[in-house]
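Enquirer: Numbering (our numbering), first residue to last: 269 to 744. Just so it is clear, CB atoms sit at the ideal spot from N, CA and C, and this is done for glycine as well.
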Amino acid sequence: MYDVVVIGGGVTGAFVLRECVKNGLYACMLERENDVCMGQSKANSGIVHAGYDAKTGSLKAKFNVLGNKMMPKVAKELGVKFRNNGSLVVAFSEEELATIVELKARGEKNGVEGLKIISKDELIKLEPNISKRAMGALFATTGGIICPYELTIAAIGNAMDNGADLYLGFETASIKGEYGSFELTAKDGRKLTAKIVVNCSGLNGEKVANLVGDNSFTLGGRKGEYILLDRESGDLVSHTLFFTPTKKGKGILITQTVDGNILLGPTVEEVEDGETYTTSEGLSSVSSKAGEMCENVPFYNTITSFAGVRAYSDRHDFIIEESKAKKGFINCVGIESPGLTSAPAIGEYVVNELIAALLPLKGNDNFCPVRKPDCFFKNLSDEEKNEIIKNDPSYGRIVCRCEQITEGEILRALRENPKATDIDGVKRRTRAGMGRCQGGFCQPYVAELIAKELNVPLDTVTKAGAGTEILVGKTK
Ligand SMILES: Cc1cc2nc3c(=O)[nH]c(=O)nc-3n(C[C@H](O)[C@H](O)[C@H](O)COP(=O)(O)OP(=O)(O)OC[C@H]3O[C@@H](n4cnc5c(N)ncnc54)[C@H](O)[C@@H]3O)c2cc1C
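(1) Does Ser251 come out as helix, strand or coil in the three-state DSSP assignment?
(2) So, Ile495 versus Gly519, is the Cβ gap smaller than 8 Å?
(3) Any heavy atom of ligand 1 inside 7 Å of the beta-carbon of Val476?
(4) Could you say which of Asn336, Lys290, Asp727 and Thr544 lies nearest to Arg351 if we only look at CA atoms?
(5) Taking 8 Å as the cut-off, does the segment 612-630 touch the segment 315-323 (at least 3 CB pairs, one atom from each stretch)?
(6) Starting from Met338, trace the beta strand (DSSP E) in both directions and tell me its first and last residue.
(7) Considering only C-alpha positions, which residue in the set Leu497, Val667 and Cys296 is nearest to Cys710?
(8) Output the residue ranges of the alpha helix (DSSP H) runs that lie fully inside the segment 362-402 and measure 4 residues or longer, sorted by chain position.
(9) Please tell me whether Gly602 and Ala575 are closer than 8 Å, where the distance is taken between their beta carbons.
(10) DSSP three-state label for Asp433, please.
(11) Specify the secondary structure class of Ala454 as computed by DSSP and reduced to three states.
(12) Compute the Euclidean distance between the alpha carbons of Lys388 and Leu679, then round it to the nearest angstrom.
(13) Say the cut is 7 Å; is the CB of Val619 nearer than that to a heavy atom of ligand 1?
(14) Hey, quick one: how far does the alpha helix (DSSP H) through Phe283 stretch, first residue to last?
(15) Going straight from the alpha carbon of Glu390 to that of Gly404, what length do you get?
(16) Is Ser553 helix, strand or coil by DSSP?
(17) Could you tell me the distance, in whole angstroms, from the CA atom of Ser255 to the CA atom of Ser484?
(18) Does ligand 1 have even one heavy atom less than 7 Å from the beta-carbon of Arg286?
(19) Whole beta strand (DSSP E) runs in the segment 512-596 with 3 or more residues, listed along the chain?
(20) Between Glu345 and Pro628, is the Cβ-Cβ spacing less than 8 Å?
(21) Taking a contact to mean a Cβ-Cβ separation below 8 Å, would you say Cys562 touches Val274 in this structure?
(22) What does DSSP give as the partner residues of Met269 in its beta bridges?
(23) Verify the contact flag: Thr453, CB atom, against every heavy atom of ligand 1, threshold strictly below 7 Å.
(24) I'd like the ranges of any beta strand (DSSP E) spanning at least 3 consecutive residues and lying wholly in the segment 618-683.
(25) Can you tell me which of the three DSSP states Met297 falls into?
(26) On the three-state DSSP scale, how would you describe Arg699?
(27) Note down, in chain order, each residue of its chain lying with its Cβ closer than 6 Å to the Cβ of Asn430, except the 5 sequence neighbours on either side.
(28) Measure the alpha-carbon distance for Cys305 versus Tyr435 and round it to whole angstroms.
(29) Apart from the five residues on each side of it in sequence, which residues of its chain come closer than 7 Å, Cβ to Cβ, to Arg665?
(30) Is the separation between the beta-carbon of Leu293 and that of Val272 shorter than 8 Å?
(31) State buried or exposed for Lys516, treating a residue as buried only when at least 16 other CB atoms are found within 10 Å of its CB.
(32) Which residues bound the beta strand (DSSP E) around Val466?
(33) Express the C-alpha separation of Asn302 and Ala688 in angstroms, rounding to a whole number.
Shown next as structure tokens:
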């Protein structure tokens with residue numbers, strides 16, 4: 269029997285799982301999809317927020333500020349790209365100039381360090397492409413950027429390397445029993461038992477809580493659509509640029525990603541079904557707002573668009589507590605933005621406070637927080653590259669030309685915890701297929717490598733799990 273079972277393989281579950289094994293708990297993760305990081309954690313802005321935004325005293329404010337402080341160390345341990353690029357909340361009117369002063373005061377109350385108001389001239393020096401209509405900004409020096417799927421996958425991989433188990437395709441359909449002896453059953457009939465259950469199931473969190481008779485909250489979904497520009501346009505901005513929040517909302521942001529692309533978005537739209545398709549109205553509103561923030565936005569360099577859905581709760585805050593309906597069942601739900609930033613701090617709180625009150629933590633002297641970092645081959649010097657190729661010639665074969673990803677990196681993604689099993693899984697772990705041609709050239713070769721490595725017929729290789737097979741038969 270497991271000490272703890274974590275339902276949901278997003279970033280929240282990832283850090284709860286990692287913290288469990290760090291504290292000597294026998295833990296596992298259940299994920300209904302065929303890979304981890306398939307929910308909100310795969311499609312978001314990737315901003316490590318400073319923490320001035322959330323209402324003082326809320327869980328969002330508390331965990332945002334703590335998570336922001338933890339992120340540089342966590343990213344280093346997990347070998348994940350993170351950059352402290354700083355963020356700017358840009359004011360376009362006298363009224364917005366007053367709002368950014370209020371935001372600064374709120375941030376300081378929340379415990380955010382390094383906040384300052386900067387003038388128009390200072391802003392233009394920092395961001396030469398900013399609209400000349402901008403009048404000043406709140407500069408949050410602790411703001412950062414990170415790759416959300418790299419972070420989630422690495423945290424789960426590190427937990428697994430330290431003894432945690434992962435069950436994919438395990439859609440939790442029933443939870444029976446009590447604290448100390450829960451029995452969880454998947455839709456396909458698989459069963460396992462655990463003393464404590466942590467519900468990190470994102471948009472599905474309400475339904476999972478209902479399985480133990482907890483009806484204490486409701487969740488809704490808000491879709492956000494994005495446009496991604498090629499790395500060629502990477503110097504459009506260097507900080508993350510936000511509009512000043514107004515009664516109508518926060519507007520979109522413009523940011524570099526850690527991989528040097530430019531990300532524009534997200535929109536905000538209430539959705540019923542969690543559908544993540546983009547729309548022409550959504551994308552044109554992103555481009556028109558982006559054009560208000562910056563001059564000469566190179567939309568001709570658009571390489572893809574995507575959408576994610578935020579899971580918000582009727583309490584308008586994160587819900588992180590033991591259920592009042594069921595002892596030993598912990599809800600970690602309503603984790604909308606800044607949930608990515610907060611995840612490391614949420615993981616610590618759930619284990620060190622909520623789980624520790626139910627089960628004694630034994631500690632784990634053998635826990636290794638460090639995950640062997642990806643070599644990020646394309647960033648190495650020629651000497652370093654040659655050294656790696658000497659030891660493993662598969663690094664000498666480029667598979668994804670746009671992102672310069674080698675066969676060695678793809679094989680690593682198929683062999684390392686949590687192992688990729690499909691084309692999108694390889695893409696999230698390596699960036700093969702994320703460049704300008706979006707997989708047009710490398711996809712067939714990636715499919716061949718997957719088939720060979722998993723020892724399965726080529727026509728069974730999928731893009732993203734059952735029903736997304738990419739080959740239907742031979743043409744010649
Ligand atoms: C558009 C958008 C922009 C955002 N931008 C930012 C940002 O810039 N910075 C920031 O800090 N935060 C941001 N966020 C918020 C952040 O992405 C989320 O807070 C975070 O990803 C939530 O992670 P999670 O693990 O709670 O949920 P998810 O990532 O949704 O994971 C839940 C998992 O549970 C699984 N699951 C569901 N039901 C079951 C079941 N019955 N059995 C087993 N598994 C199940 C799902 O398949 C899923 O993988 C943004 C969110 C969105 C949508």
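Expert: Considering the structure as presented:
(1) With the chain covering only 269 through 744, there is no way to say anything about residue 251.
(2) Position 227 of the sequence shown, counting from 1, holds the residue named residue 495. Position 251 of the sequence shown, counting from 1, holds the residue named residue 519. For Ile495 and Gly519, no; Cβs fall outside 8 Å.
(3) Numbered from its first residue, the sequence shown carries residue 476 at position 208. Yes, Cβ of Val476 sits closer than 7 Å to a heavy atom of ligand 1.
(4) Here residue 351 refers to the residue found at position 83 of the sequence shown. Checked all of Asn336, Lys290, Asp727 and Thr544; the closest Cα to Arg351 is Asn336.
(5) No contact exists between the segment 315-323 and the segment 612-630.
(6) As a working mapping, residue 338 is identified with position 70 in the sequence shown. Counting along the chain, Met338 falls outside any beta strand (DSSP E), though it belongs to the alpha helix (DSSP H) covering Leu327 to Leu346.
(7) As a working note, residue 710 is residue 442 in the sequence shown. Measuring from the Cα of Cys710, the nearest candidate turns out to be Val667.
(8) Here the runs fully enclosed are 362-378 and 388-394.
(9) Within the sequence shown, the letter at position 334 stands for residue 602. Within the sequence shown, the letter at position 307 stands for residue 575. No, they are not a contact pair.
(10) Locating residue 433 in the sequence shown gives position 165, counting from the first residue. In the displayed model, Asp433 falls within a strand according to three-state DSSP.
(11) For the purposes of this step, residue 454 is taken as the residue at position 186 of the sequence shown. Residue state, collapsed to three classes: strand.
(12) Working through the sequence shown from its first residue, we reach residue 388 at position 120. Working through the sequence shown from its first residue, we reach residue 679 at position 411. Distance between the alpha carbons of Lys388 and Leu679: 49 Å.
(13) By 1-based counting over the sequence shown, the position of residue 619 is 351. Checking every heavy atom of ligand 1 against the Cβ of Val619, none is found closer than 7 Å.
(14) Numbered from its first residue, the sequence shown carries residue 283 at position 15. Note, Phe283: alpha helix (DSSP H), Val279 to Lys290.
(15) Indexing the sequence shown from 1 puts residue 390 at position 122. Indexing the sequence shown from 1 puts residue 404 at position 136. About 8 Å.
(16) Your numbering for residue 553 matches position 285 in the sequence shown. Here DSSP, grouped into helix, strand and coil, assigns Ser553 to helix.
(17) Past the boundaries of the shown model lies residue 255; the chain is included only from 269 to 744, so the question cannot be answered.
(18) In the sequence shown, the residue the question calls residue 286 occupies position 18. In terms of side-chain proximity, the C-beta atom of Arg286 is found no nearer than 7 Å to any non-hydrogen atom of ligand 1.
(19) 521-524, 530-533, 537-539, 570-581 and 587-590, all fully within the segment 512-596.
(20) Working through the sequence shown from its first residue, we reach residue 345 at position 77. Working through the sequence shown from its first residue, we reach residue 628 at position 360. For the pair Glu345 and Pro628, the CB atoms are not nearer than the 8 Å cut-off.
(21) By one-based count along the sequence shown, residue 562 stands at place 294. By one-based count along the sequence shown, residue 274 stands at place 6. No, the pair does not count as a contact, with Cβ atoms beyond the cut-off.
(22) As a position in the sequence shown, residue 269 is number 1, starting the count at 1. Answer is none; Met269 lacks a bridge partner.
(23) Along the sequence shown, read from residue 1 onward, the residue named residue 453 stands at position 185. Relative to ligand 1, even the nearest heavy atom lies 7 Å or more away from the CB of Thr453.
(24) Correct list: 666-668.
(25) Locating residue 297 in the sequence shown gives position 29, counting from the first residue. It is a strand residue.
(26) Counted from its first residue, the sequence shown places residue 699 at position 431. Arg699 falls in the coil class under three-state DSSP.
(27) As a working note, residue 430 is residue 162 in the sequence shown. Beyond the five residues adjoining it in sequence on each side, Asn430 comes within less than 6 Å, by CB distance, of Val289 and Phe635 in the same chain, given in chain order.
(28) For this step, residue 305 is matched to residue 37 along the sequence shown. For this step, residue 435 is matched to residue 167 along the sequence shown. Taken atom to atom, the span from the alpha-carbon of Cys305 to that of Tyr435 is near 13 Å.
(29) As a first step, residue 665 must be located in the sequence shown, where it is residue number 397. Thr674 and Glu675, listed in sequence order.
(30) In the sequence shown, counting from the first residue as 1, residue 293 sits at position 25. In the sequence shown, counting from the first residue as 1, residue 272 sits at position 4. Leu293 is a Cβ neighbour of Val272, given a cutoff of 8 Å.
(31) As a first step, residue 516 must be located in the sequence shown, where it is residue number 248. By the 16-neighbour rule on beta-carbons within 10 angstroms, Lys516 is exposed.
(32) Locating residue 466 in the sequence shown gives position 198, counting from the first residue. Note, Val466: beta strand (DSSP E), Lys459 to Asn467.
(33) Within the sequence shown, numbered from 1, the residue matching residue 688 stands at position 420. Within the sequence shown, numbered from 1, the residue matching residue 302 stands at position 34. Those two C-alpha atoms are separated by around 9 Å.
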